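There are 2 protein chains.
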Amino acid sequence: MNTASPFKAATLHDVAKAAGVSLITASRALSNPSVVSEKTITKVRAAVDATGYIPNLLAGGLKSKRSLMVAGIVPALAVSQFLPTVQTLTRELAASGYQLILGQTEYDAEVEERVLNTMIGRQPDGIVITGLVQSQRARDRLQRSGIPVVETWDLSDRPIDMLVGFSHVKVGGAVGGYFLSKGWKHIGIASGNDHRARMRRDGFQTTLGREVPTAFVPAPSSLELGRRALTELLMQDPKLEAVCCSSDQLAHGVMVEAAARGMRIPEDLAVCGFGNADFGAHILPSISTVHVDGPEIGRLAARLIIDRCRGEPIAQPVIDVGFRIVERQSTA
Amino acid sequence: MNTASPFKAATLHDVAKAAGVSLITASRALSNPSVVSEKTITKVRAAVDATGYIPNLLAGGLKSKRSLMVAGIVPALAVSQFLPTVQTLTRELAASGYQLILGQTEYDAEVEERVLNTMIGRQPDGIVITGLVQSQRARDRLQRSGIPVVETWDLSDRPIDMLVGFSHVKVGGAVGGYFLSKGWKHIGIASGNDHRARMRRDGFQTTLGREVPTAFVPAPSSLELGRRALTELLMQDPKLEAVCCSSDQLAHGVMVEAAARGMRIPEDLAVCGFGNADFGAHILPSISTVHVDGPEIGRLAARLIIDRCRGEPIAQPVIDVGFRIVERQSTA
DNA sequence: CTGTTAGCGCATTCAT
DNA sequence: ATGAATGCGCTAACAG
């Protein structure tokens with residue numbers, strides 16, 4: 001789109017002229033070859049090579065109402081929990097000819113609404129969002145846009161459209177049950193302050209039947225914040241014997257800080273993370289965690305969008321991918 | 001873009017009608033208010049709210065030749081080294097009204113060429129690529145497209161257009177010099193097999209003046225691969241006393257494996273990483289590494305693209321952001 | 001300050 | 001199997 005270019009890009013018009021056919025025949029030869037004769041296709045293909053033609057997807061999308069773009073909305077790209085999902089989503093979409101436009105909400109509802117509006121203006125064939133959209137106005141707007149929407153990484157009875165996720169309250173409950181089964185009394189929580197981490201904390205506390213001392217940390221969570229969280233929790237309860245963390249990064253930090261204080265894991269302090277980050281299985285001691293299949297979420301979201309675009313019926317618009325507790329050395 | 005929608009989205013035509021002005025006046029009131037009277041602007045704004053109008057950026061882009069999109073190409077999204085760059089790039093672009101379209105090359109030159117072609121078809125206002133484009137055909141095509149291109153995370157005398165990066169050969173050389181200064185004799189390398197990691201290895205070996213036993217690992221590098229790499233290096237040289245790694249993840253893995261074997265760090269084995277991942281400063285022992293300012297690369301790339309789009313002169317089309325060795329406990 | 005005219009590049013009608 | 005006309009929604013140019 002740079003006017004400084006000495007070459008004006010070839011258009012379909014140039015291709016048609018070079019091939020000696022009409023514009024629409026050239027168009028069909030490229031996008032719907034089955035209705036065009038072999039000879040014509042060959043001529044058009046040759047003309048494409050000769051002219052270096054690259055289809056203008058803006059123009060095609062404007063006319064056909066299929067932009068071949070999907071919007072992907074994340075709080076922030078570097079939140080490692082979502083990366084495998086976004087990576088797989090991008091790859092699966094690309095395999096079907098779709099590209100992902102990235103939007104970051106920066107954990108800010110206002111930014112989210114702005115980003116969603118902009119995205120709608122790009123006429124994407126689908127929108128995939130990490131988490132549930134909170135603002136009712138944004139939900140209405142998305143619904144009215146008619147664009148297929150997949151909310152992910154959470155669960156709801158009333159999604160905007162489609163959903164691939166799991167229940168964070170249940171995760172918290174399951175981890176709470178696990179902690180109960182271990183008989184730990186002096187328990188602490190190191191938690192991010194985002195909506196989903198809070199849901200897990202709620203579930204955890206409900207199962208334990210009481211409030212649990214909590215160190216909240218700002219997003220994005222990190223090893224450093226985990227170290228600080230343990231320091232804070234130990235001030236609240238010097239007899240602390242187990243910590244439930246909202247990410248494996250935090251759990252790792254808790255473990256490092258514990259080691260720095262001469263505490264043994266899990267004998268003096270048990271630690272559980274969330275997300276099953278790849279390093280957790282390989283450090284010493286290995287980190288107990290909650291496994292969620294991030295790539296599968298991306299794969300299923302792509303599938304839903306693509307099927308919907310093709311007009312195929314969606315058997316299951318809300319998919320619960322579940323989770324599973326992975327016990328390793330840090331709690332064993 | 002879903003035909004199932006019962007509502008047809010409002011167009012600028014509807015807004016103009018509701019506001020009682022002509023189409024172009026409505027357009028100007030929204031995109032160039034300074035040439036429109038206050039009263040008209042107010043009327044149009046009200047009409048926008050009433051109709052729920054969202055501008056169709058496909059149509060706008062087609063006509064104005066400014067798509068307000070920038071393509072971002074990475075080998076794979078989950079390569080953590082590039083994440084801060086892509087995150088900052090996305091944020092800076094969004095602040096100026098641009099969105100990022102994501103492309104993954106999967107470390108495959110053929111895929112890269114395909115991805116670049118598709119991206120050109122989307123008429124982006126700029127393309128930001130991690131690394132240098134290898135294929136000459138792709139380079140020519142990009143150059144001819146006239147689209148502003150920023151290659152990043154590497155250095156070259158002859159970039160396609162603009163560049164923000166640093167010399168991997170120099171990084172390797174600097175680390176090699178550091179290793180020499182420490183007097184270590186039994187040295188090993190744990191390295192990814194991508195182009196940039198190999199360049200660093202080349203620089204490292206050149207400074208040492210000899211070949212160094214190397215364990216290559218596939219991308220993406222990880223803690224687990226670091227553990228395996230140390231195992232492999234120890235088989236090649238049981239007296240190993242220092243390892244140079246192509247990422248902090250690998251370095252971390254080497255350290256974990258060393259600990260598992262009862263080796264003390266740095267007394268028995270010194271380890272140096274690359275990238276200055278945030279965990280490296282906070283684990284015990286902390287990881288010596290090479291710091292590169294990833295966010296700054298993203299910021300500068302965004303700046304270059306935006307300035308170019310605005311027709312402003314580019315003072316420095318090739319920017320070397322440099323690097324610096326960060327000495328921590330793992331080599332101290 | 002506002003409006004009219006004319007496309008951007010392509011794909012969906014229709015026709016042949 | 002191929003072609004001619006029409007318009008997607010918007011904005012750059014010119015007019016008034």
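One line per chain: the protein sequences are A and B, in this order. Its first residue numbered 1, the first sequence is counted upward by one per residue in the numbering used here. Its first residue numbered 1, the second sequence is counted upward by one per residue in the numbering used here. Cβ atoms here follow ideal geometry from the backbone N, Cα and C, with glycine treated the same way. Note that the coordinates shown come from a computational prediction; the quantities given were computed from them, not determined experimentally.
- DSSP places residue 305 of chain B in the helix class (H, G or I) of the three-state scheme.
- Between the region 114-129 of chain B and the region 67-74 of chain B, the count of Cβ pairs shorter than 8 Å is three or higher; the stretches touch.
- Comparing alpha-carbon positions, the option among B/304, B/301, B/252, B/179 lying closest to residue 284 of chain B turns out to be B/252.
- Residue state for residue 179 of chain A is assigned as helix, using DSSP reduced to three classes.
- Cβ neighbours of residue 211 of chain B within its own chain (closer than 8 Å, five residues either side excluded): 205.
- Neighbours of residue 278 of chain A in chain B, taken as residues whose beta carbon is under 8 Å from its own, are 222, 223, 224 in chain order.
- DSSP assignment within the region 106-141 of chain A yields the following whole beta strand (DSSP E) runs of 3 residues or more, N-terminal first: 126-130.
- Taking C-beta atoms under 8 Å as the contact rule, residue 308 of chain B and residue 148 of chain B qualify, at a distance of about 4 Å.
- Apart from the 5 residues on each side of it in sequence, residue 208 of chain A sits with its Cβ closer than 6 Å to the Cβ of 176 in its chain, given in chain order.
- With contacts defined by Cβ atoms closer than 8 Å, residue 77 of chain A and residue 134 of chain B do not form a contacting pair.
- Looking at the DSSP output, residue 289 of chain A shares a beta bridge with A/326.
- Look at residue 312 of chain A here: in three-state DSSP terms it is coil, with no helix or strand label.
- For residue 99 of chain A, the closest of A/294, A/183, A/305 by C-alpha to C-alpha distance is A/305.
- The alpha-carbon separation between residue 289 of chain B and residue 215 of chain B amounts to approximately 18 Å.
- Counting along the chain, the unbroken alpha helix (DSSP H) around residue 232 of chain B starts and ends at 223-236.
- A check of alpha carbon separations from residue 316 of chain A across A/116, A/23, A/202, A/300 identifies A/300 as the nearest.
- Judged by beta-carbon spacing, residue 146 of chain B lies beyond the 8 Å limit of residue 155 of chain B, meaning their Cβ atoms are not closer than that value.
- For residue 112 of chain B and residue 97 of chain A, the gap between their C-alpha atoms comes out near 14 Å.
- The C-alpha of residue 124 of chain A is placed about 25 Å away from the C-alpha of residue 33 of chain A.
- Here DSSP, grouped into helix, strand and coil, assigns residue 146 of chain A to coil.
- Within chain B, no residue has its beta carbon less than 9 Å from that of residue 303 of chain A; the closest one is some 17 Å off.
- The region 9-21 of chain B makes contact with the region 45-61 of chain B; the number of CB pairs closer than 8 Å reaches 3 or more.
- In this structure, the CA atom of residue 266 of chain B is about 12 Å from the CA atom of residue 327 of chain B.
- Cβ-Cβ distances below 7 Å link residue 57 of chain A to 68 in the same chain, with the five nearest sequence neighbours on each side left out; the list follows chain order.
- Under the three-state reduction of DSSP, residue 162 of chain B is assigned to strand.
- Within chain B, 58, 61, 62, 67, 122, 123 have C-beta atoms less than 8 Å from the C-beta of residue 58 of chain A, given in sequence order.
- The C-alpha of residue 184 of chain A lies about 42 Å from the C-alpha of residue 139 of chain A.
- Within chain A, no C-beta atom comes less than 7 Å from the C-beta of residue 297 of chain B; the nearest is roughly 14 Å away.
- Around the Cβ of residue 312 of chain A, a 10 Å sphere holds fewer than 16 other Cβ atoms; the residue is exposed.
- Here residue 224 of chain B is buried, its C-beta having at least 16 other C-beta atoms within 10 Å.
- Using a CB distance cut-off of 8 Å, residue 95 of chain B does not count as an interface residue toward chain A.
- For the C-beta of residue 76 of chain B, the chain A residues within less than 7 Å are, from N- to C-terminus, 87.
- Taking the Cα of residue 60 of chain B as reference, the smallest distance to any Cα among A/17, A/162, A/121 is reached at A/121.
- Beta-bridge annotation (DSSP): residue 216 of chain B is paired with B/191.
- Residue contact with chain B for residue 186 of chain A: absent (no Cβ-Cβ distance below 8 Å to any residue of chain B).
- For residue 259 of chain B, the enclosing alpha helix (DSSP H) begins and ends at 248-260.
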